[in-house]
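*Asks:*
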Amino acid sequence: MLSAALILVVLALVGVPLFVALAAGGLLASHAADISPDILIVEMNRLASSPNMIAIPLFTFAGVLMAHGGAPQRLVSFYRAALGWMPGGLAIVTIGTCAFFTSYSGASGVTILALGGLLYPILVGEGYRQKYSLGLLTTSGSLGLLFPPSLAVLIYGIVAGVGIDKMFLAGIVPGTLLMIILAIHSMVHGKHLQVVKHEFDFKTLAVTARAAIWDIFLPFGIVLGIFGGFVSIMEAAAATAAYVFFIEVFVHREISPRTQLFSLLVESCILFGSLLAILLAALGLTNLMIDAQLPMRLLEVLEQHVTSPLQFLMLLNLFLLAVGAVADIFSATIVVVPLILPLAARYGVDPVHLGVIFLANLEIGYSTPPLGINLFIASQRFGRSIVTLFKSTFPFLALMFLWLMLVTYIPELSLWWKDE
Amino acid sequence: MIEKIELGLVKAESIMAALSLSLLLLLSLVQILTRNIFDFGFSEIEIINRYLLVICGTMGAVIATSKFRHIKVDALAPLMSERVLSLLRCPLSLFSAVVCVVMCYHAIIFVMDEWEYIPVNQRWTLPFTLIYPLGFGLLGLHFLLNCLSRKADA
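Take a look at the structure:
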């Protein structure tokens, strides 16, 4: 069994699609547990029946429409006009735009692909060092992972059985804190390098704000809709997709329904499909691990060595950082969350706080070798080696690690809204 | 010949994917409007949406196979020469095809069980369950075609 599992890992590392390796793992595990593999399909059907799942393809469609409708360019122009006068202003623009965009694209690498090519030459052209610019853009590819309507938050909520509105609420302060930390670092760096500052021009701000106003209001609309109790998550996703369709087709007229809509619908299905395949394949494997009482066995081992919640959180961070560095965020959520939920409950960690810790770790893991997906995508996008990119991202990872400590050991940052 | 078959398949799958996602969006909007304006919702729409989600996701996954766009963690691939990678392409696709065919077989059993045990008032949903064996079957077929057509990895 172990050797078969190792062969699957090697096959995945040489290029077998992740969902195939996970499905094969599920088939193997069911064979080992003497359970009919039909259960894998039953579990897939059960996950697909989760009402919040519908939000994923709809938010994906909204993200695809925005990317092809020129939203990145509009947002960069606006943020540049609004913040370009500050020291490190352009780096802050990068942080803000990437965080905004990643919350829609789900940190699937689309941010680096869509914004990297746009922002990298501007950053270098304005005097930022190449190494700094590469590091900033690579790590920014997963910023915004905690903000609504992040797919990673949606999936954590579905898997952990936690209210998605609560998860979105919990992610706002930690997500903003990370942006502030990185923005301060950018300001210090910009001042140190004496990077070009732009004169603040109200007229330019007004023009760019007018162009981007429909995009800027979107996240506020989603937050207000969900937390105001006006719409459910699924309804918010449908309304967002319809809204983005309306503004890109009828207001900005950037997308032609006749020539582009079909290919954008198919593109959204491809992005969603490759994600769904992993989610469904991973679920069967996870449930078989739960049936084999793996969490309980883990708990037994853990209780012998770990006596306090603090120790547990330290161990959890080490474990999750390792997971983030070798696994993709979606399969990691499906496979790991059901295993750690009972352990966290035993040590009194709130499942919402656990969700924020989990996603924060994976956000860092995205840019950590050997398998951080941001490194691979940035390597492809900027034509640099993984080693160069890792060296570039290192200062940012150090700051993110500091942020992770704050988020982990100060639960109030995530749970401030909760009545005791 | 193989390319022609694949092109035709992808075209049909793209139409199915685009239609199901459009319909999913449209029906979700109908549900929002009826719930908020008329204070009621169609329970059938929720069931249909659930299957539309599976259809658009499955078709997306099938097209992703043909376009080599599945998520991979191929950390060893950059360390291997182009020649080794091209030699591995067909066996890896065949392995993937076999896994998908096995899943297709279990999906057929799942559908047969559903047909036998589903309550009478939910029988109308049964044709939708065919998407599971159809999806795995198409995935297996595309992996096989990937091996035979020797397309370069994207």
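These protein sequences, in sequence, are chains A and B. Just so we're aligned, residue 41 is where the first sequence starts under this note's numbering, counting upward by one. Just so we're aligned, residue 1074 is where the second sequence starts under this note's numbering, counting upward by one. Ideal placement from N, C-alpha and C gives every residue a C-beta, glycine not left out. Note that the structure is a prediction, hence the values are computed from the model and not measured.
1) For chain B, find out if any of its Cβ atoms is closer than 8 Å to the Cβ of Phe-99/A; answer yes or no.
2) Tell me whether Ala-44/A is buried or exposed, calling it buried when 16 or more other Cβ atoms sit within 10 Å of its Cβ.
3) Mind checking if Lys-1084/B is an interface residue toward chain A, Cβ cutoff 8 Å exclusive?
4) From Arg-386/A, Ser-296/A, Leu-258/A, Ser-303/A, pick the residue whose C-alpha is nearest to that of Val-284/A; which is it?
5) How about the stretch 1076-1096 of chain B and the stretch 65-72 of chain A: do they share at least three Cβ pairs that are nearer than 8 Å?
6) What residues from chain B crowd round Gly-55/A, counting only those whose CB sits closer than 7 Å?
7) Using a Cβ-Cβ cutoff of 9 Å, what residues of the stretch 182-210 of chain A are near chain B? List them in chain order.
8) Quick one: any contact between the stretch 358-365 of chain A and the stretch 402-418 of chain A, if contact means 3 or more CB pairs under 8 Å?
9) Around the C-beta of Pro-382/A, are 16 or more other C-beta atoms found within 10 angstroms, so that it is buried, or is it exposed?
10) How about Ser-117/A and Ala-251/A: are their beta carbons less than 8 Å apart?
11) Taking Thr-433/A as part of the alpha helix (DSSP H), name the residues at either end of that continuous run.
12) So, with DSSP's three-state summary, where would you put Val-291/A?
13) Please identify, using Cβ separations under 8 Å, the residues of the stretch 1171-1184 of chain B that lie next to chain A, in order along the chain.
14) So with CB distances below 7 Å, who are the chain B contacts of Phe-312/A?
15) According to DSSP, simplified to helix, strand and coil, what is Phe-312/A?
16) Is there contact here, the stretch 337-357 of chain A with the stretch 379-398 of chain A, by at least three beta-carbon pairs under 8 Å?
17) Can you list, in chain order, the residues of its chain whose CB lies under 7 Å from that of Ser-419/A, leaving out five sequence neighbours each side?
18) Taking 8 Å as the threshold (C-beta atoms), are Leu-301/A and Ile-310/A in contact?
19) Check distances from the C-beta atoms of the stretch 71-87 of chain A to those of chain B and list, in chain order, the residues that come in under 9 Å.
20) Closer than 7 Å, Cβ to any Cβ of chain A: which residues of the stretch 1088-1108 of chain B, in chain order?
21) Using 8 Å for Cβ pairs, my map puts Leu-320/A next to Met-84/A. What's the rounded Cβ distance?
22) Quick one: does Met-93/A have its CB under 8 Å from some CB of chain B?
23) Terminal residues of the continuous alpha helix (DSSP H) containing Ile-152/A?
24) Give me the chain B residues within the contact set of Val-306/A, using Cβ-Cβ distance strictly less than 7 Å, ordered along the chain.
25) Are the beta-carbon atoms of Ser-348/A and Leu-174/A separated by less than 8 Å?
26) Under the rule that 16 or more other beta-carbon atoms within 10 Å means buried, what is Trp-443/A, buried or exposed?
27) When the cut-off is 8 Å and only beta carbons count, does Ser-89/A lie next to chain B?
28) Taking the beta carbon of Asp-1147/B as the centre, do at least 16 other beta carbons fall within 10 Å, making it buried, or is it exposed?
29) Could you spell out the range, first to last residue, of the alpha helix (DSSP H) harbouring Gly-103/A?
30) List, in order along the chain, the chain A residues whose C-beta lies closer than 7 Å to that of Phe-1168/B?
31) For the alpha helix (DSSP H) that contains Lys-243/A, what are its first and last residues?
32) Considering Cα atoms alone, identify which of Ser-1093/B, Gly-1210/B, Pro-1200/B, Val-1172/B is closest to Met-1185/B.
*Replies:* Once the coordinates are examined:
1) Not closer than 8 Å to any Cβ of chain B, the Cβ of Phe-99/A fails to qualify, so no.
2) Taking all protein chains shown into account, Ala-44/A has fewer than 16 neighbouring C-beta atoms within 10 Å of its C-beta and is therefore exposed.
3) Not closer than 8 Å to any Cβ of chain A, the Cβ of Lys-1084/B fails to qualify, so no.
4) Residue Leu-258/A holds the alpha-carbon nearest to the alpha-carbon of Val-284/A among Arg-386/A, Ser-296/A, Leu-258/A, Ser-303/A.
5) Output reads no: the stretch 65-72 of chain A does not touch the stretch 1076-1096 of chain B.
6) Chain B residues near Gly-55/A: Lys-1145, Asp-1147, Ala-1150, Leu-1161, Leu-1165.
7) For the stretch 182-210 of chain A, which is checked against every Cβ of chain B, not one residue is closer than 9 Å.
8) Flag = yes, the stretch 358-365 of chain A and the stretch 402-418 of chain A touch.
9) When all chains shown are included, Pro-382/A counts as exposed.
10) Yes. Within cutoff.
11) Note, Thr-433/A: alpha helix (DSSP H), 426-449.
12) Assigned with DSSP and collapsed to three states, Val-291/A falls in helix.
13) Of all residues in the stretch 1171-1184 of chain B, Val-1172, Cys-1173, Val-1175, Met-1176, His-1179, Ala-1180, Ile-1182, Phe-1183 have a Cβ within less than 8 Å of some Cβ in chain A.
14) From the beta-carbon of Phe-312/A, the residues of chain B found nearer than 7 Å are Cys-1129, Gly-1130, Gly-1133.
15) Looking at Phe-312/A - three-state DSSP - the assignment turns out to be helix.
16) Segments in contact, yes.
17) Exclusion of the five residues before and after Ser-419/A leaves Ser-425, Ile-426, Leu-429 as the residues of its chain whose Cβ lies within less than 7 Å of its Cβ.
18) Contact annotation: Ile-310/A and Leu-301/A have beta-carbon atoms that are not nearer than 8 Å.
19) Answer in chain order: Ser-76, Pro-77, Asp-78, Ile-79, Leu-80, Ile-81, Val-82, Met-84, Asn-85.
20) Listed in chain order, the positions of the stretch 1088-1108 of chain B with a beta carbon within less than 7 Å of a beta carbon of chain A are Ala-1090, Ala-1091, Leu-1094, Ser-1095, Leu-1097, Leu-1098, Ser-1101, Leu-1102, Ile-1105.
21) At roughly 4 Å, the Cβ-Cβ gap stays under 8 Å, so Leu-320/A and Met-84/A are in contact.
22) Yes, Met-93/A lies at the interface with chain B (some Cβ there is under 8 Å from its Cβ).
23) Per DSSP, Ile-152/A belongs to no alpha helix (DSSP H) and is neither H nor E.
24) Against chain B, the beta carbon of Val-306/A has neighbours under 7 Å at Ser-1087, Ala-1090, Ala-1091, Ile-1136, listed in chain order.
25) No.
26) Buried, since its Cβ has 16 or more Cβ neighbours within 10 Å.
27) Answer yes: the Cβ-Cβ gap between Ser-89/A and chain B drops below 8 Å somewhere.
28) Counting Cβ neighbours within 10 Å, Asp-1147/B comes out buried, since at least 16 surround it.
29) Gly-103/A -> alpha helix (DSSP H) spans 95-108.
30) Neighbours of Phe-1168/B in chain A, taken as residues at a C-beta separation under 7 Å, are given in chain order as Leu-51, Val-56.
31) Its alpha helix (DSSP H) spans residues 242-267.
32) Nearest C-alpha to Met-1185/B among Ser-1093/B, Gly-1210/B, Pro-1200/B, Val-1172/B: Pro-1200/B.
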